[in-house]
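J.: Quick one: structure below, then a few questions.
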Amino acid sequence: MNAQTQTSPTVFDVQRIRADFPLLSRTVHDKPLIYFDNANTSQKPASVIEAVDQHYRLRNANVSRAVHLLGEEATAAYEGARDKLARFINATSRNELILTSGTTQAMNMIAYSFAMPRLKEGDSILTTVMEHHANIVPWQIVASRTGATVKAAPIDDRGELIVEKYIEMLTPDVKLACVTHVSNVLGTVNPVREIARECRKRGIPLVVDGSQAVPHRPVDVQALGCDFYAFTGHKMLSPTGTGGLWARKEHLEAMPPFFGGGEMIREVSFSGTTFAAPPHKFEAGTPNIAGFAGVGAAIDYYDSIGFDAIHSWEQQLLSYATERLRDIPGLRLFGEAKEKEPVISFLIEGAQATDLATLLDLQGVAVRSGHHCAHPLMQFFKVPATLRASLAFYNTREEVDAFITALLKVRKLLM
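2 is the number of the first residue of the sequence shown in the numbering used here; add one for each residue after it.
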């Protein structure tokens, strides 16, 4: 069973959950911390921190390279994380899941190992206006080297993908299609199943950026029907430098390695090298072993709560925070899609996003200002930057109220 679809508790005890996150109890500028920058990186429960600490204290050794007990324990933790991640996204097999440093590495792996050998002059890669740079720049690089082009499907003023236009742009020249599952700026949830279905009809592989989806909703790669699904660990309670790339078996078998070195080979000689079977042929060198010990603990933590409860609570927070923000004079919301995850971008008339974020920090509120690695999206809305408040299941309505109070205070200072 997919770990993300487990039965959830009937009562969501947010205060009990907050007690599991050490950093949430600290103060900032003598104010209680309100951490609303979860789309940037999530906070970590004590169990994840302890898993990393225990690795270095008790079983620090390299993986797959020693028969001594420490090596066996480290390997079991590392490969155990792969098993848990494969279940977490409902992969058909653990061997379809490459452990990576995050989505950026995964996208570049697809770009260089899958896309570049297949692209030629006149071909195209289709993405969208709302993408993170990690789902734009790698395609531009390989396109420039092969004579291909990158084109972007449009969105509307509500921040929703114009799906019929995306489908219309799936022309014969398109050799790879890309889309984010959830926008990191707008929170928009894209209809990946529908897009995947249309791509399959045309024989076009589909790449999905799942970085902002896996922390908030059940993900089932088999049901989605895509060809590649990339995600980042540090946004889903895990240490930085962790993530995964799921791909269909036939793609992994056909793709050449992206990195060369130790542990990704079967045999090396000067007459030639044969590579290990997937996924290990894509995992050269010493991996982030301690980090993936933390990933395993993070998935256990998600399992203990259940995604039904997480999603329900986060949607309540999103609705409440959005309505409170609507009451602030001169505030403009960006992204009002019908289906959203708890990410809210906005500006206040007459105030710069950076000024707002700096002054909010002095009130103990951590939010993100800037272009959010989404320049084309900022260009679409004709703004240089936005302020983004992104929520998680360990946030509270009381924090939303304190955030609004701080924002009104900051607004008064800047007006």
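Glycine residues also receive a C-beta, built at the ideal position from the N, C-alpha and C atoms.
Source: prediction; values computed, not measured.
Does the distance from the C-beta atom of residue 81 to that of residue 297 stay below 8 Å?
T.: In this structure, residue 297 lies closer than 8 Å to residue 81 by Cβ.
J.: Determine the burial state of residue 68: buried for a count of at least 16 other Cβ atoms within 10 Å of its Cβ, exposed for fewer.
T.: So residue 68 counts as exposed.
J.: Given that a residue counts as buried once 16 or more other Cβ atoms are within 10 Å of its Cβ, and exposed if not, what is residue 416?
T.: Exposed, because fewer than 16 other Cβ atoms sit within 10 Å of the Cβ of residue 416.
J.: Note the first and the last residue of the continuous alpha helix (DSSP H) segment covering residue 296.
T.: Looking at the DSSP string, the run of the alpha helix (DSSP H) that includes residue 296 is 290-306.
J.: Please list the terminal residues of the continuous alpha helix (DSSP H) segment that includes residue 81.
T.: First-last of the alpha helix (DSSP H) with residue 81: 70-89.
J.: Measuring only the C-alpha atoms, how far is residue 319 from residue 345?
T.: Rounded to the nearest angstrom, the two C-alpha atoms are 8 Å apart.
J.: Starting from residue 152 and walking both ways along the beta strand (DSSP E), at which residues does that stretch end?
T.: From DSSP, the beta strand (DSSP E) with residue 152 extends over 150-154.
J.: Count Cβ pairs between the stretch 238-256 and the stretch 98-116 that sit closer than 8 Å; are there 3 or more?
T.: Yes, since at least three Cβ pairs between the stretch 238-256 and the stretch 98-116 fall closer than 8 Å, the two stretches touch.
J.: Would DSSP call residue 335 helix, strand or coil?
T.: In this structure, residue 335 counts as strand in the three-state DSSP scheme.
J.: Sorted by chain position, which residues of the same chain lie with C-beta nearer than 7 Å to residue 197's C-beta, five sequence neighbours on each side aside?
T.: Closer than 7 Å at the Cβ level, and outside the excluded window around residue 197, lie 207, 225, 226, 227.
J.: Return the CA-CA distance between residue 76 and residue 58, expressed in angstroms with no decimal places.
T.: Approximately 15 Å between the Cα atoms of the pair.
J.: With distances taken Cα to Cα, identify the nearest neighbour of residue 65 among 328, 272, 380, 266.
T.: Residue 65 has its Cα closest to that of 266, out of 328, 272, 380, 266.
J.: Here's the rule: buried if 16 or more other CB atoms are within 10 angstroms of the residue's CB, otherwise exposed. What is residue 97?
T.: Classification of residue 97: buried, given that the 10 Å Cβ count is 16 or more.
J.: State the DSSP-derived secondary structure class of residue 193, mapped to helix, strand or coil.
T.: Note: residue 193 maps to helix in three-state DSSP.
J.: Which partner residues does residue 36 have in the DSSP bridge list?
T.: Its beta-bridge partners are 367.
J.: I'd like to check one pair, residue 394 with residue 366: are the Cβ atoms closer than 8 Å?
T.: No, they are not a contact pair.
J.: Taking all protein chains shown into account, do 16 or more other C-beta atoms lie within 10 angstroms of the C-beta of residue 210, making it buried, or fewer, making it exposed?
T.: Buried, because 16 or more other Cβ atoms sit within 10 Å of the Cβ of residue 210.
J.: Is it buried or exposed, residue 278, if we count other Cβ atoms within 10 angstroms and call 16 or more buried?
T.: The residue in question, residue 278, is exposed, as its Cβ has fewer than 16 Cβ neighbours within 10 Å.
J.: Rounded to whole angstroms, what is the Cα-Cα separation between residue 369 and residue 41?
T.: Near 8 Å, if we compare the C-alpha coordinates of residue 41 and residue 369.
J.: State yes or no: is the C-beta of residue 84 nearer than 7 Å to some heavy atom of the ligand ZN?
T.: No copy of the ligand ZN appears in this structure; indeed no ligand is present at all.
J.: For the alpha helix (DSSP H) containing residue 147, name the first residue and the last one.
T.: Residue 147 -> alpha helix (DSSP H) spans 138-147.
J.: Could you tell me the boundaries of the alpha helix (DSSP H) in which residue 415 lies?
T.: 398-415 is the span of the alpha helix (DSSP H), which, as asked, contains residue 415.
J.: Assign residue 340 to one of three DSSP states: helix, strand, or coil.
T.: Coil.
J.: Ignore the nearest five residues each way along the sequence and tell me which others in residue 131's own chain have a CB closer than 6 Å to its CB.
T.: If we look at residue 131 and ignore the five residues flanking it on each side, its Cβ neighbours are 156, 184, 378.
J.: Taking the CB atoms as reference points, tell me whether residue 15 and residue 314 lie closer together than 8 Å.
T.: Yes.
J.: Can you tell which of 52, 386, 100 has the C-alpha that lies nearest to the C-alpha of residue 283?
T.: The shortest Cα separation from residue 283 among 52, 386, 100 belongs to 100.
J.: If you follow the alpha helix (DSSP H) that residue 269 is part of, which residue opens it and which one closes it?
T.: Residue 269 -> not in any alpha helix (DSSP H); beta strand (DSSP E) instead, spanning 266-270.
J.: Whose C-beta lies closer than 6 Å to the C-beta of residue 139 among residues of the same chain, with five residues either side of it excluded?
T.: Excluding positions up to five away in sequence, the list reads 108, 109, 112.
J.: Once DSSP output is grouped into helix, strand and coil, what is the label at residue 66?
T.: Three-state result, residue 66: coil.
J.: Identify which residue in 305, 273, 339, 70 has its Cα closest to the Cα of residue 17.
T.: Ranking the options by Cα distance to residue 17, first place goes to 305.
J.: Can you tell me where the beta strand (DSSP E) holding residue 241 begins and where it ends?
T.: First-last for residue 241: undefined, no H or E at that position.
J.: Residue 120 and residue 153 - do their beta-carbons sit closer together than 8 Å?
T.: For residue 153 and residue 120, no; Cβs fall outside 8 Å.
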